[in-house]
Every structure is written in structure tokens, then in C-alpha cells.
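Beneath this line is the structure, given in C-alpha cells, with notes to follow.
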Amino acid sequence: MGLPDHHLTEGEQRIRSFRPHWRQLVVPFLALVVIVVASGAAMFYIPDFEYAGYARIAVAVISVGLLTVWSFVPYLKWKNTSYLITSHRLSIGTGVLSKSHDDIPMAKVNTVSAEQTLVERILGSGTLHVESAGEQGRIELRDIPHLQEVRAELFRAIDEADDPDEDGEDDGAGEAGGPKPKGDLDGTGRRRR
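In our numbering, each number is its position in the sequence shown, counted from 1, plus 5.
Next comes the structure, spelled out in C-alpha cells:
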């Protein structure tokens, strides 16, 4: 889901990849059930007359058209929408016939906020707002599953992008080019600001 591993840059690690919440499929599924039941009933109750065969064909064509618009296309949109959080970027992939990938570098993300209605809180989903310093500006990602976990992972990735030396690499900022002293870390292992 999302970008294949060979599209990741050197040193970039996949943190989480996911699709929108399954609740986006509830309405298409209900539409599928209603259309199949209604078309089956319509075909069964068409009286026998000279053009009954044409009437059944018309019901079948209308049913397939409605199923395509209200069930199949929404499912394909859900299936072909993917989100990927890596150590370097947030990638959003969309599109059924033509694909579109938007990448937001973690270093350019300014703020991340979340919204949840009561139903979304019960289901564990919600809307994530990501504001970046790039061309996209503010992006709204709806129906994100496990919203609080995704938000926490995004914050960690942003924090690591802001502080790439957390993994113990020497940046030459310590005395005589040595590593920074451990006293610069707070109780959680993050650098004090």
C-alpha cells in the first residue's frame, strides 16, 4: 500500500501505511444491498407480456449503472487512496485510472491538528489537518483510522526530521567536535528546545 520500498530514498524508513477508514464503505455497501434487492424484486414482479424480456433487460442495465456509480466507484476510490508516513515525508496517493502522489517533507510540516465527532471517536477515526510551508498549505485528510496513533507517529517523525542527530550521530556541535553532552536531553530522550 502506498509507495513500494524501492521508491524510498536512502535512509528513509516506512513508519505506517494505511487507507481511509472502512466506514467510507458503509454507504456503498448499503447501496449495493438495496439495488440488488430492488432490481431482483422488480424482475420478479414484472408481469408476463410481450415486452417483458426488454423490461427485464432495462432493469438489469439500470441496476448495473446504479451499482457502478454508487457502489463500485466509491469502493475503487477507497481502495486506491493510500497514506504513507516515512521518516522523511507524508505521502498521499489517490486516483483510480490516473494516479496522483503528493509528498510533504516532514521538515516542512508546521502544524498537525485533529478533529473527531462523537461517532468518529467511537470508531477511532477522524480528520487530520496538516499545515506545511510548501505549496500545498493546509491539507485535510478525512476518515483517518486510528487517528491518535497516526497523529503521534506523525509528531515523532516531525520531531526526528527537526532533530536528525538524535540517533547519536556527531554533528560537530559539542566541545572539540565531540558529540553533544547527554545533559541536552530531557527525560523523554528528546532535545530541549
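Don't be surprised by glycine CBs; every beta carbon is placed ideally from N, CA and C. It should be emphasised that the depicted structure is a prediction, and the values quoted were computed from it without experimental measurement.
- Between G70 and N85, the C-beta gap is not smaller than 8 angstroms, which leaves the two residues out of contact.
- Contact between the stretch 141-160 and the stretch 111-129 is present: 3 or more CB-CB pairs across the two stretches fall below 8 angstroms.
- Linking I90 to F160 through their CA atoms gives a straight-line distance of about 11 angstroms.
- Note that the C-beta distance between I163 and V114 is below 8 angstroms.
- Every alpha helix (DSSP H) stretch that sits fully inside the stretch 62-111 and reaches 4 residues is listed by chain position as 78-84.
- Within the same chain, Cβ atoms closer than 6 angstroms to the Cβ of D107 are found at I97, the five residues on either side in sequence being excluded.
- When secondary structure is reduced to three states using DSSP, E158 falls in the helix class.
- Shown here, R28 sits in a helix according to DSSP, grouped into three states.
- In the structure shown, H151 falls within a coil segment according to DSSP collapsed to helix, strand and coil.
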